Every structure is written in C-alpha cells, then in structure tokens.
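Let me begin by presenting the structure, written as structure tokens, before commenting on it.
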Amino acid sequence: KALERAPFAPGAHLAYADSTDFYTTIDVRSARAQAAHQLAVLEGFDAIDRATPPGARVMWMRPEYVAVLGHREGVPFFYSWSERRLAQALLDERVDYLVVSAIYKTDDDNRRGDPFAVHPHFAEYTEPVLRIRNAVNGAPAFMLVRVDPAKVKAFLGGS
11 KALERAPFAP GAHLAYADST DFYTTIDVRS ARAQAAHQLA VLEGFDAIDR ATPPGARVMW
71 MRPEYVAVLG HREGVPFFYS WSERRLAQAL LDERVDYLVV SAIYKTDDDN RRGDPFAVHP
131 HFAEYTEPVL RIRNAVNGAP AFMLVRVDPA KVKAFLGGS
C-alpha cells in the first residue's frame with residue numbers, strides 16, 4: 011500500500027498512501043473508499059485559499075483547520091446552536107463562506123454533533139463554490155459555500 015503514491019483522484023495532490031485509514035483498513039476496496047473520503051476533505055481545505063479572496067472569513071466547527079490548511083480566517087460554529095443561531099452568527103461574524111463536510115470534529119466547546127443538524131437548510135442562503143466527491147464511491151465529501159447575507163436575512167425573517 012505504501013507504494014500507491016499516484017494522486018488518489020484526477021487533479022489531486024494527495025495519494026492513498028498519505029492516509030492512515032488506507033493502511034489500517036485491511037480490505038483494499040474499503041481502504042480506498044475510506045481514504046478517498048478523508049483525502050477529499052483535506053484537498054477541499056487545501057483549495058480554500060484558491061477558491062476564496064484574501065481576507066475571507068470561513069466558518070467550520072474547528073477554525074484552526076481553516077486557518078492552517080485553508081490559509082483563511084476561521085470562525086467557529088457550535089453544535090449547541092440552533093439553525094437560527096447559526097444563521098445569525100453568519101451575519102454577526104461577517105462570515106463569507108461555510109464549510110460543509112461529511113467528516114467533522116468536536117467543536118471548540120469539545121462537543122460532538124452532527125453539523126447537518128445545525129445547518130440543515132444552508133442551501134437556502136448559500137451558493138456552492140467548491141464541491142469534492144469521494145473518488146471511489148461518489149459520495150459528497152466536502153463543500154465550500156458562499157454565504158449570501160441578503161438571503162440569510164430573508165431566512166431569519168421567515169423562520
């Protein structure tokens with residue numbers, strides 16, 4: 011497995027051999043699918059600085075990932091928030107972009123949760139900028155969406 015150094019997907023910078031799951035999962039097919047999912051998320055974070063202008067503020071539950079991997083200012087969201095609280099934070103914190111990922115971490119309060127429960131209707135007030143799918147099974151892995159403040163205000167007025 012360590013010899014699989016070719017990019018895991020067309021245009022990717024990472025290889026299957028760059029993923030721990032690729033080594034720790036015995037079945038090669040399953041190992042590829044799990045590794046492709048993680049690698050797609052890492053590729054997504056790496057692309058943030060190419061997909062956003064300098065000074066953009068990007069929200070994810072772990073802002074340090076945005077800062078270190080995406081080279082943009084990260085703004086946290088919290089699993090304890092309601093969908094309405096998240097939408098208000100997008101406005102209050104002047105968030106330009108939101109990361110939507112199938113892989114997620116604990117938030118800054120060290121809570122686990124499902125980000126889709128916090129922002130189930132994000133598509134109502136955002137526009138997709140970057141979508142990356144799992145190269146093996148086609149499942150969504152990473153999405154960067156641009157926040158439209160006018161649509162957020164409309165969402166808040168209607169919810």
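The working numbering applies: residue 11 is where the sequence shown begins, and numbers increase by one. Even glycine gets a Cβ: it sits at the ideal position worked out from N, Cα and C. Being a predicted model, the structure only gives us computed values, none of them experimental.
Within 10 angstroms of its Cβ, does T34 collect 16 or more other Cβ (buried), or is it exposed?
Exposed: under 16 other Cβ atoms inside 10 Å.
By the three-class DSSP mapping on this structure, what secondary structure does G148 have?
Here G148 sits in coil by DSSP.
How many angstroms separate the CA atom of A127 from the CA atom of D119?
Distance between the alpha carbons of A127 and D119 is about 17 Å.
Integer Cβ distance of M153 from V105, believed to fall under 8 Å:
In this structure M153 does not touch V105 by the C-beta definition: roughly 15 Å separates them, more than the 8 Å allowed.
Option nearest M69 by Cα separation, candidates F88, A57, L52:
F88 is the residue among F88, A57, L52 whose C-alpha sits nearest the C-alpha of M69.
Return the residue from the list A12, E14, A57, S29 that minimises the CA-CA distance to T142.
Before going on, a small fix: residue 142 reads as Ile here, not Thr. When only C-alpha atoms are compared, the closest one is A57.
Whole-angstrom C-beta distance between V139 and A61, which should lie under 8 Å
The beta carbons of A61 and V139 sit about 5 Å from each other, so the pair counts as a contact at 8 Å.
Range of the contiguous alpha helix (DSSP H) that encloses P17:
Segment: none, P17 is in no alpha helix (DSSP H) and carries neither H nor E.
Could you give the distance in angstroms between the alpha-carbon of L108 and the alpha-carbon of A45?
Taking the straight line from one Cα to the other gives about 23 Å.
By DSSP, does R104 sit in helix, in strand, or in coil?
Here R104 sits in coil by DSSP.
Please report the distance separating the alpha-carbon of K115 from that of P73.
Using only the alpha carbons, I get a separation of about 11 Å.
Buried versus exposed, by CB contacts within 10 Å (16 or more), T30:
Exposed, since its Cβ has fewer than 16 Cβ neighbours within 10 Å.
For the candidate residues L166, P64, L79, K163, whose alpha-carbon lies nearest to that of V51?
Of L166, P64, L79, K163, the residue nearest in Cα terms is L79.
DSSP-derived helix/strand/coil call for P138
Note: P138 maps to strand in three-state DSSP.
To the nearest angstrom, how far is it from the Cα of K161 to the Cα of T136?
In a straight line, the C-alpha of K161 is about 8 Å away from that of T136.
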